[in-house]
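A quick write-up on the structure given underneath.
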Amino acid sequence: DAKTTQPNSMESNEEEPVHLPCNHSTISGTDYIHWYRQLPSQGPEYVIHGLTSNVNNRMASLAIAEDRKSSTLILHRATLRDAAVYYCILRGVTSGTYKYIFGTGTRLKVLA
Amino acid sequence: GAVVSQHPSWVICKSGTSVKIECRSLDFQATTMFWYRQFPKQSLMLMATSNEGSKATYEQGVEKDKFLINHASLTLSTLTVTSAHPEDSSFYICSARDMQGARNEKLFFGSGTQLSVL
Numbered sequence: 001d002a003k004t005t006q007p008n009s010m011e012s013n014e015e016e017p018v019h020l021p022c023n024h025s026t027i028s029g030t031d032y033i034h035w036y037r038q039l040p041s042q043g044p045e046y047v048i049h050g051l052t053s054n055v056n057n058r059m060a061s062l063a064i065a066e067d068r069k070s071s072t073l074i075l076h077r078a079t080l081r082d083a084a085v086y087y088c089i090l091r092g093v094t095s096g097t098y099k100y101i102f103g104t105g106t107r108l109k110v111l112a
Numbered sequence: 113g114a115v116v117s118q119h120p121s122w123v124i125c126k127s128g129t130s131v132k133i134e135c136r137s138l139d140f141q142a143t144t145m146f147w148y149r150q151f152p153k154q155s156l157m158l159m160a161t162s163n164e165g166s167k168a169t170y171e172q173g174v175e176k177d178k179f180l181i182n183h184a185s186l187t188l189s190t191l192t193v194t195s196a197h198p199e200d201s202s203f204y205i206c207s208a209r210d211m212q213g214a215r216n217e218k219l220f221f222g223s224g225t226q227l228s229v230l
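So the protein lines, in turn, are chains A and B. Throughout the first sequence, residue numbering follows my numbering, covering 1 to 112 in sequence. Throughout the second sequence, residue numbering follows my numbering, covering 113 to 230 in sequence.
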């Protein structure tokens, strides 16, 4: 299973943009890049996903490197509610079944 | 839309007893569901992949006789922790894929079950 590497923690000031990096140098051509976030004592929440092109949605943007070996989740204006652990995941396929393997995640702290 | 309901939210049991955790997709059909466990301040560890109507696929190191998974319908998967011991205490989280349309890449998660074995 391909793995992801993320910084353990990051800090951001409220209402400033946040760039959360993820390295996935062993990504295969068919792996999708997913991001989820988790608040304490809750299940993770979907944020965004992509394959090759950059993606935008109402929550965030995903910038994918041309060689696909890294990606960056961009929160355009961090709020206190964005404080969470952010997981970068590669969605692969094993024996015809989708597989989502979580990395260690980045704990984002947002300062008021 | 795309709600996954997981029950119970927390359970305390005595060592040696069995505990069943339910995971339901409320507004979509989930051919595939996933079970994870999470220890404090750690990431989620995939335990098994559950496909409707067939046997679950367990990750390496996960005891299939210990963690029984049943996925009898397109909206329900259960995880039974058999003969629970204190080391089984953990946060268990289920997730499901919506097979239809544009949501089929996304995972939707339950709110988790905190199991404490005394």
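Where a beta carbon is used, it is the ideal one built from N, C-alpha and C, also for glycine.
How many Å lie between residue i and residue j at the Cα?
i, j, result
"A:Val18", "B:Leu156", "23 Å"
"B:Phe140", "A:Gln42", "21 Å"
"A:Ser71", "B:Gln150", "25 Å"
"A:Thr4", "B:Pro120", "31 Å"
"A:His34", "A:Glu14", "24 Å"
"B:Gln226", "B:Gly173", "21 Å"
"A:Ala83", "B:Glu164", "35 Å"
"A:Met93", "A:Asn56", "In the sequence on display, residue 93 of chain A carries Val and not Met. Whole-angstrom Cα-Cα distance: 24 Å."
"A:Pro48", "B:Asp210", "In the sequence as displayed, the identity of residue 48 of chain A is Ile instead of Pro. Approximately 15 Å, taken between the alpha carbons."
"B:Glu171", "B:Met159", "5 Å"
"B:Leu219", "B:Leu230", "32 Å"
Using CA coordinates, which residue listed in the options is at the minimum distance from residue i?
i, options, result
"B:Lys178", "B:Lys126, B:Ser121, B:His197 and B:Cys206", "B:His197"
"B:Met181", "B:Gln154, B:Ser137, B:Cys206 and B:Ser202", "What sits at residue 181 of chain B in the sequence shown is Ile, not Met. Measuring from the Cα of B:Ile181, the nearest candidate turns out to be B:Cys206."
"A:Thr97", "B:Lys167, B:Thr190 and B:His119", "B:Lys167"
"A:Ser28", "A:Arg68, A:Thr106 and A:Lys109", "A:Arg68"
"B:Thr247", "B:Tyr170, B:Gln226 and B:Ser189", "Given that chain B is displayed from residue 113 to residue 230, the structure contains no residue 247 of chain B and the question cannot be resolved."
"B:Leu191", "B:Gln154, B:Met145 and B:Asn216", "B:Met145"
"B:Phe221", "A:Thr52, A:Ser9, A:Thr4 and A:Gln38", "A:Gln38"
"A:Pro21", "A:Met10, A:Glu14 and A:Thr30", "A:Met10"
"B:Thr126", "B:Ser223, B:Val193 and B:Glu175", "Correcting the residue type first, residue 126 of chain B is Lys in the shown sequence and not Thr. Answer by Cα proximity: B:Val193."
"B:Gly128", "B:Gln226, B:Ser201, B:Gln154 and B:Glu217", "B:Ser201"
"B:Lys153", "A:Ala112, A:Arg107 and A:Leu111", "A:Arg107"
"A:Arg58", "A:Asp31, A:Ile89 and A:Leu73", "A:Leu73"
What residues match up with residue i in a beta bridge as DSSP calls it?
i, result
"A:His19", "A:Ile74"
"A:Ser9", "A:Arg107"
"B:Met145", "B:Ser162 and B:Ala208"
"B:Leu138", "Answer by DSSP bridge pairing: none, since B:Leu138 is not bridged."
"A:Arg91", "A:Tyr32 and A:Tyr100"
"B:Val174", "None, per the DSSP bridge assignment."
State the CB to CB distance for the pair residue i and residue j, rounded to an integer number of angstroms; the pair is presumed to be in contact (CB under 8 Å).
i, j, result
"B:Thr161", "A:Lys99", "7 Å"
"A:Val85", "A:Gly105", "4 Å"
Could you please tell me which residues of the region 19-47 of chain A, in chain order, have their CB closer than 9 Å to any CB of chain B?
Cβ contacts with chain B come from Tyr32, His34, Tyr36, Gln38, Ser41, Gln42, Gly43, Pro44, Glu45 and Tyr46.
Can you list, in chain order, the residues of the region 154-165 of chain B whose Cβ is nearer than 9 Å to any Cβ on chain A?
Gln154, Ser155, Leu156, Met157, Leu158, Thr161 and Asn163
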